[in-house]
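Below: one structure, written as structure tokens.
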Ligand code: SF4
């Protein structure tokens with residue numbers, strides 16, 4: 041039930057916004073976040089609960105790769 | 109975690125980004141193997157459990173010395189039989205009952221809200237509190253929203269009461285609960301050794317990282333907040349293992365793309381304005397101090413328990429037993445796996461659920477049954 045799904049904000053009208061869940065457009069409440077058209081938000085039970093940080097999202101995998109390449113597990 | 113890791117649906121990762129990359133997954137598993145581990149980790153989220161079982165990660169991790177247990181991370185499952193009986197009692201009195209889908213089929217002492225619907229009582233499923241308010245606007249009847257869910261869901265209830273101007277006939281039956289308090293109590297019970305916690309990503313989106321810190325200090329246990337893709341979980345396990353091996357115990361954040369250290373301040377503020385903490389019982393647990401939320405004074409007109417106090421008193425006075433033979437309590441505390449319940453896949457199936465863990469899509473029994481593993 042805590043499932044939350046990413047969607048792209050299409051247009052904003054007060055506390056509501058039209059968001060695109062990969063093809064399906066729905067109205068959700070955005071009063072809990074600062075969201076603008078073009079932002080990715082994560083939606084749970086009809087409310088956007090956070091704006092996705094695109095930079096962090098794109099960097100994560102590279103960081104992991106680096107971590108795994110360079111780290112030797114020598115702690116015993 | 110075979111084909112689905114690499115192709116098709118797998119490429120849908122957020123922002124077209126792959127969080128199911130097989131090569132990275134293999135590397136993490138290799139690292140874990142080199143660590144020569146024998147640890148047990150608990151997560152408290154049905155969506156984490158779904159990812160773990162769906163991709164067969166529980167087995168892969170067991171092979172490298174990591175056992176994963178699901179704790180009390182299913183909001184439907186931890187809702188008590190008393191709360192279900194409260195909702196059914198109000199339905200019988202003629203109120204319109206609205207709640208999230210899975211709640212309907214959880215048996216109370218006998219029947220469920222879904223059974224009552226079949227009998228003609230006004231019981232409806234909603235996807236969000238917005239829908240419940242809309243229903244209330246179009247009727248004179250009292251509309252009760254059974255507000256279940258953790259910190260992920262609670263802000264939508266608070267924001268609706270504070271800013272949504274619901275009509276006077278809209279009432280809330282507060283059943284929201286907060287996760288860190290339950291983690292603390294669970295460790296305090298000391299029923300099973302745990303070497304780490306995978307903290308729930310979407311709850312943490314709201315509360316941030318700080319509410320978990322006292323738990324790591326008190327019990328010297330590593331925690332990592334994790335997202336919901338297979339790689340998120342593998343990385344979380346790896347990060348916990350690193351802490352474990354170096355004797356550390358702190359809260360790390362794997363899900364930085366969504367979880368900010370201070371959480372969602374706007375959501376926390378509106379929750380704090382509308383709710384105050386209260387002690388509440390969880391299914392399978394004793395009363396957990398400050399793990400519930402009740403409406404503050406000023407919001408009484410929306411409080412179903414206050415408005416229907418006279419009617420609900422009989423429910424509050426009732427002794428209610430858990431269904432006979434059901435081990436949901438043990439499953440929710442992580443001390444038993446679903447297959448250890450004698451009713452699992454026999455008397456209890458998703459079509460004939462005995463306990464909530466078989467009803468809810470986030471329940472441990474339902475998830476194991478659904479993915480066809482260990483079916484008797
Ligand atoms: S299998 Fe059914 S009866 Fe057994 S613990 Fe799970 S929900 Fe309860």
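Chains as they are written, first to last, in the numbering used here: chain H, 41 to 116; chain E, 109 to 484.
Beta carbons: idealized from backbone N, C-alpha and C, even for Gly.
{"query": "Could you tell me whether the Cβ of residue 69 of chain H comes closer than 9 Å to any Cβ of chain E?", "result": "yes"}
{"query": "Cβ atoms of residue 180 of chain E and residue 256 of chain E: under 9 Å apart, would you say?", "result": "no"}
{"query": "Flag residue 55 of chain H as yes if its beta-carbon sits less than 9 Å from any beta-carbon of chain E, otherwise no.", "result": "yes"}
{"query": "Confirm the yes/no value for this check: CB of residue 212 of chain E, any heavy atom of the ligand SF4, distance under 8 Å.", "result": "no"}
{"query": "Just checking, does the region 70 to 89 of chain H make contact with the region 47 to 61 of chain H on the three C-beta pairs under 8 Å criterion?", "result": "yes"}
{"query": "Taking the straight line between their C-alpha atoms, what separation do you get for residue 396 of chain E and residue 254 of chain E?", "result": "20 Å"}
{"query": "Checking contacts by CB at 9 Å: is residue 190 of chain E closer than that to chain H?", "result": "no"}
{"query": "Which residues of chain H have a Cβ atom closer than 9 Å to the Cβ of residue 310 of chain E, listed in chain order?", "result": "42, 43, 44, 82, 84, 89, 90"}
{"query": "Is the beta carbon of residue 267 of chain E sitting closer than 9 Å to the one on residue 69 of chain H?", "result": "yes"}
{"query": "Take residue 173 of chain E and list the residues in its own chain whose beta-carbon comes closer than 6 Å to its own, dropping the five residues that flank it on each side.", "result": "145, 146"}
{"query": "So does residue 43 of chain H have its beta carbon nearer than 8 Å to some heavy atom of the ligand SF4?", "result": "no"}
{"query": "Leaving out the 5 sequence neighbours to the left and right, which residues in its chain are closer than 7 Å to residue 160 of chain E when beta-carbon positions are compared?", "result": "166, 176, 341"}
{"query": "Is residue 456 of chain E a contact residue of the ligand SF4, with contact defined as CB to any heavy atom under 8 Å?", "result": "yes"}
{"query": "Would you mind sorting residue 157 of chain E into buried or exposed? The rule is 16 or more other CB atoms within 10 Å of its CB.", "result": "buried"}
{"query": "Alpha carbons only, please: which of E/438, E/471, E/403, E/460 is nearest the one belonging to residue 269 of chain E?", "result": "E/403"}
{"query": "Assess contact between the region 281 to 297 of chain E and the region 126 to 138 of chain E, defined as three or more Cβ pairs (one per stretch) separated by less than 8 Å. Is contact present?", "result": "no"}
{"query": "So which residues of chain E does residue 93 of chain H contact, with C-beta pairs closer than 9 Å?", "result": "364, 365, 366, 368"}
{"query": "Using a threshold of 8 Å, is the CB atom of residue 443 of chain E nearer than that to any non-hydrogen atom of the ligand SF4?", "result": "no"}
{"query": "Which runs of the alpha helix (DSSP H) fall wholly inside the region 405 to 460 of chain E and span at least 4 residues, in chain order?", "result": "412 to 415, 417 to 425, 436 to 440"}
{"query": "In chain E, which residues lie less than 7 Å from residue 96 of chain H when you measure between Cβ atoms?", "result": "364, 365"}
{"query": "Is the CB of residue 339 of chain E under 9 Å away from at least one CB in chain H?", "result": "yes"}
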